[in-house]
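To get our numbering, take the position in the sequence shown, counting from 1, and add 44.
Some notes on the structure that comes next.
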Amino acid sequence: MFFTIVIGSILFVITLRNIEWFIRSFYIGDFKDKYVLITGCDTGFGNLLAKRLDGKGMRVIAACLTEKGANDLADSCSQKLTTYVMNVANEDEIDSLKEMVAKKVGNKGLHALVNNAGIGRMGSGSLETYKMKCLLEMLKINTIAPAGLCFKFLDLLNMGNGRIINMASMAGRIQVANLLYGITKNGIEGLSSILGFLLKKYGWNVSVHTIEPGRYLTPLHNENVIRQEITESYERASNWTKNKYSTKENYVAEFLKPYDDFWVSASNKIYEVVDAYEHAILSIWPKNRYAVGFTARYLMIPLCYIPTTISDYIYLALE
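What follows is the structure, given as structure tokens:
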């Protein structure tokens, strides 16, 4: 009897998931006339997403940090794609971008804002060596800039019955080795949840969706830069820390361990993240959250729902 109930429950859940997958598999039909604004298109997820949507015929506005990034992207896409060089942390440049986008989209409005731009590893080593300026820089780009872009483009998104897609991370849901990065991604989780609720409360025609990738190899993760950060941080370490690791070499090796594990286990299938982006932009019924990757869906997310004492123990055991 017990096993019958278990098997029946499993089959019921599988059936529900298949029904959900089928319902969510339908795309909007007129997307070729819709505009989507993507930040962080020089490289990585944003670059691939811009190329994919352009290939599907959408009207892509791709914000890049550098002229080279913008030119390279434009050369590999159709003439429908528009590039714009800007620093997402500069409010004046955001205002200029909005002015350009408003003229381009007209009464159609904006279908989607993809807050993809971000920076990764500024602050590695022992905790007491972290600098406030590093945290502030990461917050500006990873958290404050996406929030500002959401606020600035709400009216255009409302005109287009649009969507906001924010790039978060499993680092915003679980305990990670990089404290500063985790703080900024926790901020994105809060932005998405609260903004999504308030938009519903006040009747805006805008939805909010969050991408939460697991471990993926992107240009954010530069081994040489991380090693240099850790090495330099040794000089700022407390005497207690220096005595604990006895030599600089031991110190560097210890704080490189999480990254060594990351480089071994991280996936290079970054198209999986682009797939999630695409679905959030084009599906008739997009998800609120997209946990991307096998470990994200079947290890990290389940661990979010158990007591912290237990999940801490599991993470420490996996270190």
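Ideal placement from N, C-alpha and C gives every residue a C-beta, glycine not left out.
Opposing strand residues paired with E316 [DSSP bridges]:
None; E316 has no bridge partner.
Burial state of E135 (16 or more Cβ within 10 Å):
exposed
DSSP state of H323 mapped onto helix, strand, coil:
helix
Return the bridge partner residues of L157 from the DSSP annotation.
L81 and I208
Considering only the alpha carbon of each residue, which of F66, Y303, E322 and L201 lies closest to I270?
Y303
Cβ of N91 within 8 Å of any heavy atom in the ligand SAM?
Ligands displayed in this structure: none; no statement on the ligand SAM is therefore possible.
CB-CB under 6 Å to Y278, same chain, minus the five flanking residues each way: which ones, in chain order?
K292 and Y295
With a cut-off of 8 Å on the beta carbons, I'd call K142 and F197 a contact; round off their distance for me.
6 Å
Just list the residues that DSSP pairs R259 with in beta bridges.
Paired residues: none, contrary to the question.
Exposed or buried, which one is S170 when buried takes at least 16 other CB atoms within 10 Å?
buried
Here's the rule I'm using: 16 or more other beta-carbon atoms within 10 Å means buried, otherwise exposed. How should N249 be labelled?
exposed
Residue range of the beta strand (DSSP E) that R333 falls in?
R333 to V336
Identify the residues that DSSP records as bridge partners of V104: which are they?
V80
Quick one, are the C-beta atoms of G179 and I227 less than 9 Å apart?
Going by the sequence as given, residue 179 is Leu instead of Gly. Yes, these two residues count as a Cβ contact at 9 Å.
Can you tell me where the beta strand (DSSP E) holding V129 begins and where it ends?
T126 to V129
Since P190 is in the alpha helix (DSSP H), which residue starts that stretch and which ends it?
A189 to M203
For T352, does the count of other Cβ atoms within 10 angstroms reach 16, so buried, or fall short, so exposed?
exposed
Closest to N131 by C-alpha separation, out of N62, A189 and L154, would be which residue?
A189
How big is the Cα-Cα spacing for E273 and A191?
28 Å
Please say whether K147 and G103 have beta carbons closer to each other than 9 Å?
Residue identity differs from the one stated: residue 103 is Arg in this sequence, not Gly. The answer is no: Cβ separation not under 9 Å.
For Y71, name the three-state secondary structure that DSSP assigns.
strand
For A212, I'd like the list of residues in its chain whose CB is within less than 6 Å of its CB, leaving aside the five on either flank, ordered along the chain.
K229, I232, E233, T254 and E256
Which two residues bound the contiguous alpha helix (DSSP H) that contains W307?
K292 to S309
Kindly indicate which three-state DSSP category V132 falls into: helix, strand or coil?
coil
Pairwise C-alpha distance: A133 and I185
6 Å
Measuring CB to CB, does T87 end up less than 9 Å from T262?
yes
Indicate whether A156 and L92 have their beta-carbon atoms separated by less than 9 Å.
no
Looking only at C-alpha atoms, which of R207, L224 and A215 sits nearest to E181?
L224
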